[in-house]
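All remarks here apply to the structure that follows.
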Ligand SMILES: Nc1ncnc2c1ncn2[C@@H]1O[C@H](COP(=O)(O)OP(=O)(O)O)[C@@H](O)[C@H]1O
Ligand SMILES: Nc1ncnc2c1ncn2[C@@H]1O[C@H](COP(=O)(O)OP(=O)(O)O)[C@@H](O)[C@H]1O
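Protein chains in written order, with my numbering: chain A, 1 to 126; chain B, 1001 to 1126; chain C, 2001 to 2132; chain D, 3001 to 3132.
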């Protein structure tokens, strides 16, 4: 089985970054929700980095949507990175669900970080 | 086309009764939401009487679920009547969705009224 | 059993037309002497499929033919009802106004439901019911 | 095109087994030289169908065979994957933990999806993909 991991890193710039490595689905959804909870509890913006995620499904999207709602509802920034390293299924499910209309999607992690660190308005201009 | 109507009646006993006559679906969902809003705005419990409803679909259920959530969230009573006069589709969609686990369903309007008038605890013991 | 023929119907995609379609199908079921509780299941499924067209098929703007097309026929013990649109094609919506009960209701009351891209454009939903 | 045979798989219905099933299907797709982006669509659909079994099929208590059964085969230009359970049968849930994106994702990426009661008990979901 391929490696899979979820990490939470607190950045100085005012956001926490949740990074997903490998494949994620219902079997890691609880771990993901708890990582997103930790990131949010740090009190600043939240970035979810999917640039090294090979696979995600609708169970993962549900967790992202809940986190997005919570964090932006608080007036904080939230952004997600879907880049060249993201697996085909990751790009596909974002495209299918039209998620980029709901949330700020960036190709580069540093752009996402800048946006999420400066509040919800900037992060929705992706 | 068969007759269809939605009425809201304020009872003295501490609840408003929304009665659906005939067939209801997306084409009356807005009217239903507004009737449920009026009933809730009266400030007491809410009863939805489906004992003369011949047909309802999931668009109607969505409106009922939203009203149930709002009214019980406020600590008020909410109950629905599904009786002998309810159409086969009405009984069927309640059965399919297992809605009686979520909300208080009564066969008789006076039982629903009593329950909804005395707060959410009584109304959930249907 | 009487031979009560087929039903074909094309109406503009709007909420107001949903009861109209349901009544036409109720007439068709009557003509085939299809009793409760099956008739209620068929009318539920037809209503949900048409509601989906109105709520989801044409959301990305005006189309030439923003219609709902329904066809109903009976072959022996199987009743088949298909609902097609000429919309954007089947796609998930994170901003759906509904609770997501439509397709599950359809799947629960049918003997078989198929969803597929319609020829040219839009979505075709084929629902079968067993009369046995 | 190589003849890479069929795939049949029965595993206990649990979240932990979802990646296992996906990897088995990925191997099958490799054996049939099925490229991206189709392979990603197939893996998405398979994952959603199995997630539905884990979340919805066996919720009303323990069953003898709380399994997910998957079969995959290719016939000419059509890939067919079926997922069946022995659960309570397809039914809507007003208390679903999900956002209702599973079936819509499946319908959006397949050429055809059929949902029907499985023989004896449970639900059968048959998903087809066109290789053309
Ligand atoms: N005819 C259609 N055309 C395009 N998309 C559709 C169609 N019917 C359904 N859908 C998609 O399937 C989703 C699920 O439909 P449904 O189960 O009826 O739930 P709801 O309508 O409450 O969202 C819809 O939100 C929509 O994204
Ligand atoms: N295998 C199954 N057995 C029983 N019910 C199912 C099954 N799969 C799906 N369902 C029903 O269909 C509904 C819609 O499924 P889906 O579109 O995946 O959304 P979600 O899982 O987020 O609710 C579920 O809520 C459930 O009621």
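Built from N, CA and C at the ideal position, the CB exists for glycine as well.
(message) Between the alpha carbons of residue 50 of chain A and residue 5 of chain A, how many angstroms are there, rounded?
(response) So the alpha carbons of these two residues sit roughly 11 Å apart.
(message) Looking at residue 3008 of chain D: is its Cβ nearer than 9 Å to the Cβ of residue 3070 of chain D?
(response) Their beta carbons are under 9 Å apart, which means residue 3008 of chain D touches residue 3070 of chain D by this criterion.
(request) At 8 Å on the CB atoms, spell out the chain C contacts of residue 1058 of chain B, in chain order. (result) Near residue 1058 of chain B (Cβ distances below 8 Å), the residues of chain C are 2048, 2051, 2098, 2099, 2101, 2102, 2105.
(message) Please report the distance separating the alpha-carbon of residue 3101 of chain D from that of residue 2091 of chain C.
(response) One C-alpha to the other measures close to 9 Å.
(request) Out of D:3026, D:3053, D:3055, state which residue places its alpha-carbon closest to the alpha-carbon of residue 3042 of chain D. (result) Nearest option by C-alpha distance: D:3026.
(request) Starting from the beta carbon of residue 72 of chain A, find every residue of chain D whose beta carbon is closer than 9 Å, and list them in chain order. (result) The contact set of residue 72 of chain A on chain D, defined by CB atoms closer than 9 Å, is empty, because the minimum CB distance reaches about 17 Å.
(message) Let me confirm a value: residue 2039 of chain C is counted as buried when at least 16 other C-beta atoms fall within 10 Å, else exposed. Which label applies?
(response) Buried, by the Cβ-count rule.
(request) With distances taken Cα to Cα, identify the nearest neighbour of residue 2082 of chain C among C:2030, C:2019, C:2129. (result) Ranking the options by Cα distance to residue 2082 of chain C, first place goes to C:2129.
(request) State the DSSP-derived secondary structure class of residue 3085 of chain D, mapped to helix, strand or coil. (result) Residue 3085 of chain D falls in the strand class under three-state DSSP.
(request) Counting only runs of 4+ residues fully inside the stretch 9-71 of chain A, write out the alpha helix (DSSP H) ranges in chain order. (result) Taking only runs of at least 4 residues, the alpha helix (DSSP H) segments lying wholly in the stretch 9-71 of chain A are 26-41.
(request) Pick out whichever of D:3095, D:3068, D:3115, D:3077 has its Cα sitting closest to the Cα of residue 3033 of chain D. (result) Check the Cα spacing between residue 3033 of chain D and each of D:3095, D:3068, D:3115, D:3077: the tightest is with D:3077.
(message) Starting from residue 94 of chain A, trace the alpha helix (DSSP H) in both directions and tell me its first and last residue.
(response) Counting along the chain, residue 94 of chain A sits inside the alpha helix (DSSP H) bounded by residues 88-97.
(message) By the three-class DSSP mapping on this structure, what secondary structure does residue 2129 of chain C have?
(response) Residue state, collapsed to three classes: strand.
(request) Report the three-state DSSP secondary structure of residue 2094 of chain C (helix, strand or coil). (result) Residue 2094 of chain C falls in the coil class under three-state DSSP.
(message) If the criterion is Cβ atoms closer than 9 Å, does the pair residue 98 of chain A and residue 2094 of chain C meet it?
(response) Between residue 98 of chain A and residue 2094 of chain C, the gap from beta carbon to beta carbon is short of 9 Å.
(request) Tell whether a beta-carbon distance below 9 Å holds between residue 2989 of chain D and residue 3054 of chain D. (result) Past the edges of chain D, shown from 3001 to 3132, lies residue 2989 of chain D, and the structure says nothing about it.
(message) Restricting to runs no shorter than 3 residues, where is the beta strand (DSSP E) found entirely within the stretch 3040-3064 of chain D?
(response) Complete beta strand (DSSP E) runs here, min 3: none at all.
(request) Report the neighbours of residue 96 of chain A on chain C: residues whose CB is nearer than 9 Å to its CB, in chain order. (result) Correct list: 2091, 2092.
(message) Would residue 1025 of chain B and residue 1117 of chain B qualify as a contact pair, given that the criterion is a beta-carbon distance under 9 Å?
(response) With contacts defined by Cβ atoms closer than 9 Å, residue 1025 of chain B and residue 1117 of chain B do not form a contacting pair.
(request) Identify each residue in the stretch 2020-2047 of chain C for which the Cβ-Cβ distance to at least one residue of chain B is less than 9 Å, and report them in chain order. (result) Sequence-ordered contacts of the stretch 2020-2047 of chain C with chain B read 2020, 2022, 2023, 2036, 2037, 2039, 2040, 2041, 2043, 2044, 2047 [C-beta pairs closer than 9 Å].
(request) Let me know the secondary structure DSSP gives residue 117 of chain A once reduced to three states. (result) It is helical.
(message) So, for residue 1102 of chain B: in the same chain, excluding its five sequence neighbours on each side, which residues have a beta-carbon less than 8 Å away from its beta-carbon?
(response) Taken in chain order, the residues that qualify are 1065, 1068.
(message) Restricting to Cα atoms, I'd like to know which of A:36, A:16, A:108 is closest to residue 70 of chain A.
(response) Just measuring C-alpha positions, the residue of A:36, A:16, A:108 sitting nearest residue 70 of chain A is A:36.
(request) Taking C-beta pairs closer than 7 Å, name the residues in chain B that residue 3095 of chain D reaches, listed in chain order. (result) In chain order: 1102.
(request) Please confirm if residue 2109 of chain C has its CB atom under 9 Å from at least one CB of chain B. (result) The beta carbon of residue 2109 of chain C falls within 9 Å of a beta carbon belonging to chain B, placing the residue at that interface.
(message) Taking CB distances under 9 Å as the criterion, tell me whether residue 3083 of chain D reaches chain A.
(response) No, because no Cβ of chain A sits closer than 9 Å to the Cβ of residue 3083 of chain D.
(request) Ignore the nearest five residues each way along the sequence and tell me which others in residue 1125 of chain B's own chain have a CB closer than 8 Å to its CB. (result) In this prediction, residue 1125 of chain B scores a pLDDT of 48, lower than 50, which makes its location untrustworthy; the coordinate-derived value is nonetheless stated afterwards. 1104, 1115, listed in sequence order.
(message) Going by beta-carbon coordinates alone, are residue 113 of chain A and residue 17 of chain A separated by less than 9 Å?
(response) Cβ atoms of residue 113 of chain A and residue 17 of chain A: closer than 9 Å.
(message) Taking a contact to mean a Cβ-Cβ separation below 9 Å, would you say residue 2052 of chain C touches residue 1027 of chain B in this structure?
(response) Their beta carbons are not under 9 Å apart, which means residue 2052 of chain C does not touch residue 1027 of chain B by this criterion.
(request) Can you tell me which of the three DSSP states residue 125 of chain A falls into? (result) Residue confidence for residue 125 of chain A is low, a pLDDT of 48 falling below 50, so the modelled location carries little weight; the figure read from the coordinates is stated next. Residue state, collapsed to three classes: coil.
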